[in-house]
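S.K.: Sharing a structure, written as structure tokens. Questions coming.
Numbering (full-length UniProt numbering), first residue to last: 1 to 301.
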């Protein structure tokens with residue numbers, strides 16, 4: 001069985017996909033056996049193959065490859081809802097050029113791959129795969145993490161056989177009630193299995209003060225970083241901080257922090273560009289308080 005996943009490319013799309021892949025690998029052999037015994041064999045059940053199609057993103061490529069998910073990159077664009085000349089120009093380029101090119105790329109890839117189904121986590125990066133899958137009559141399933149879905153999921157929901165939602169919602173103006181199934185939000189079980197004692201060693205925590213974990217999502221959050229740097233010395237007087245800055249912002253944040261933090265306070269600040277799964281699980285266990293962007297994945301974790 002070949003399953004093609006697609007999504008926007010950020011951690012909010014990638015981490016649920018990883019959680020789903022792990023669970024499928026765990027339960028699929030048992031389900032396939034039960035269906036075989038019931039004389040309802042699953043098509044192509046002898047082998048599971050996982051693929052992902054989406055926009056170029058360094059972190060997602062690494063994470064998906066670690067899960068043995070084959071990655072195919074396609075060009076894609078997005079529709080910006082804020083006003084301004086630059087936004088209008090970018091929308092024009094994306095709608096007339098990037099998205100159509102991405103759909104053509106996806107059409108060829110999906111035609112030759114011939115997946116049994118497409119699972120979309122939403123986001124602008126899923127548009128080429130979902131539209132191409134629809135044109136090629138591949139069954140499409142969609143998952144929405146938020147109460148109010150983004151533009152992409154609203155548009156693509158009409159192509160889906162079923163729409164999985166994270167909340168027990170019976171009706172919504174965005175999706176057909178006949179398609180909706182409430183399943184919760186997939187999270188990696190492994191991020192809940194950390195240890196406080198291990199965290200102390202990993203992050204070199206002093207244990208002298210309460211610990212704040214600051215997360216800006218997988219890509220970091222510039223606004224959170226900027227505000228933190230303004231008040232960092234004052235906070236470190238009473239707290240110890242584990243800070244995920246984001247890959248792009250790490251060097252800048254670390255350099256500025258070294259300027260504003262002096263003396264003994266430096267041992268209470270622990271910046272990281274990205275907290276991979278094991279470190280994140282430990283950080284969750286160590287933290288007394290979490291300051292984070294309100295991404296659905298982070299909230300559910």
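We treat Cβ as the ideally placed atom computed from N, Cα and C, and that holds for glycine.
Let me know the secondary structure DSSP gives residue 344 once reduced to three states.
M.R.: This structure leaves residue 344 out entirely; the chain is present only between 1 and 301.
S.K.: Round the Cβ separation of residue 78 and residue 57 to the nearest angstrom and send it over; I've been treating them as touching at under 8 Å.
M.R.: On the chain shown, residue 78 is found 78 positions in, with the first residue counted as 1. On the chain shown, residue 57 is found 57 positions in, with the first residue counted as 1. Rounded, the Cβ-Cβ distance is 14 Å, inconsistent with contact.
S.K.: With DSSP run on the structure shown, which of helix, strand or coil describes residue 164?
M.R.: The residue labelled residue 164 in the question sits at position 164 within the chain shown. Residue 164: strand per DSSP, three-state reduction.
S.K.: Give the range of the beta strand (DSSP E) segment to which residue 144 is assigned.
M.R.: The residue labelled residue 144 in the question sits at position 144 within the chain shown. 140-144 is the span of the beta strand (DSSP E), which, as asked, contains residue 144.
S.K.: What is the residue span of the beta strand (DSSP E) that residue 122 lies within?
M.R.: To locate residue 122, count along the chain shown from 1; it is residue 122. It is not in any beta strand (DSSP E) - residue 122 carries neither H nor E in the DSSP assignment.
S.K.: Using CA atoms only, rank isn't needed, just tell me which of 105, 140 and 168 is closest to residue 158.
M.R.: For the purposes of this step, residue 158 is taken as residue 158 along the chain shown, with counting starting at 1. Minimum Cα distance to residue 158 is reached at 140.
S.K.: Going by the beta-carbon positions, is the gap between residue 285 and residue 199 smaller than 8 Å?
M.R.: Here residue 285 refers to the residue found at position 285 of the chain shown. Here residue 199 refers to the residue found at position 199 of the chain shown. In contact: residue 285 and residue 199 (Cβ atoms closer than 8 Å).
S.K.: Can you tell me which of 248, 186 and 185 puts its alpha carbon nearest to the alpha carbon of residue 216?
M.R.: Sequence index remark: in the chain shown, residue 216 carries index 216 (1-based). Of 248, 186 and 185, the residue nearest in Cα terms is 248.
S.K.: Mapping the DSSP letters down to three states, classify residue 75 as helix, strand or coil.
M.R.: Position 75 of the chain shown, counted from the start, is the residue given in the question as residue 75. If DSSP states are grouped into helix, strand and coil, residue 75 belongs with coil.
S.K.: Between which residues of its own chain and residue 179 is the CB-CB distance below 8 Å, once the five residues before and five after are set aside?
M.R.: Working through the chain shown from its first residue, we reach residue 179 at position 179. For residue 179, where only same-chain residues beyond five positions count, the Cβ hits under 8 Å are 157, 160, 161, 162 and 163.
S.K.: Drop a sphere of 10 angstroms on the beta-carbon of residue 74, count the other beta-carbons inside from all chains shown, and report buried for 16 or more, exposed for fewer.
M.R.: The count along the chain shown starts at 1 and reaches residue 74 at position 74. Under this definition residue 74 is a buried residue.
S.K.: Assuming residue 257 is part of the alpha helix (DSSP H), what are its boundary residues?
M.R.: Looking up residue 257 in the chain shown gives position 257. Where residue 257 is concerned, the enclosing alpha helix (DSSP H) stretches over 250-260.
S.K.: Report yes if the CB atom of residue 269 is closer than 8 Å to the CB atom of residue 259, and no otherwise.
M.R.: Position 269 of the chain shown, counted from the start, is the residue given in the question as residue 269. Position 259 of the chain shown, counted from the start, is the residue given in the question as residue 259. Not a contact, by the Cβ cut-off of 8 Å.
S.K.: List the DSSP bridge partners of residue 70.
M.R.: Along the chain shown, read from residue 1 onward, the residue named residue 70 stands at position 70. BP columns for residue 70 point to 51.
S.K.: Exposed or buried, which one is residue 206 when buried takes at least 16 other CB atoms within 10 Å?
M.R.: Counting from one through the chain shown, the residue named residue 206 turns up at place 206. With fewer than 16 other Cβ atoms within 10 Å, it is exposed.
S.K.: Residue 15 lies in the alpha helix (DSSP H); which residues open and close that run?
M.R.: Counted from its first residue, the chain shown places residue 15 at position 15. Its alpha helix (DSSP H) spans residues 11-37.
S.K.: For residue 242, I'd like the list of residues in its chain whose CB is within less than 6 Å of its CB, leaving aside the five on either flank, ordered along the chain.
M.R.: Taking the chain shown and counting its residues from 1, the one referred to as residue 242 is at position 242. The answer, listed in chain order, is 203, 213, 270 and 283.
S.K.: Pull the bridge partners of residue 234 from the DSSP assignment, please.
M.R.: By 1-based counting over the chain shown, the position of residue 234 is 234. Residue 234 is not bridged to any residue.
S.K.: To the nearest whole angstrom, what separates the beta carbons of residue 53 and residue 4, a pair I think is in contact under 8 Å?
M.R.: On the chain shown, position 53 is the one that residue 53 refers to. On the chain shown, position 4 is the one that residue 4 refers to. Contact holds; Cβ gap of about 6 Å.
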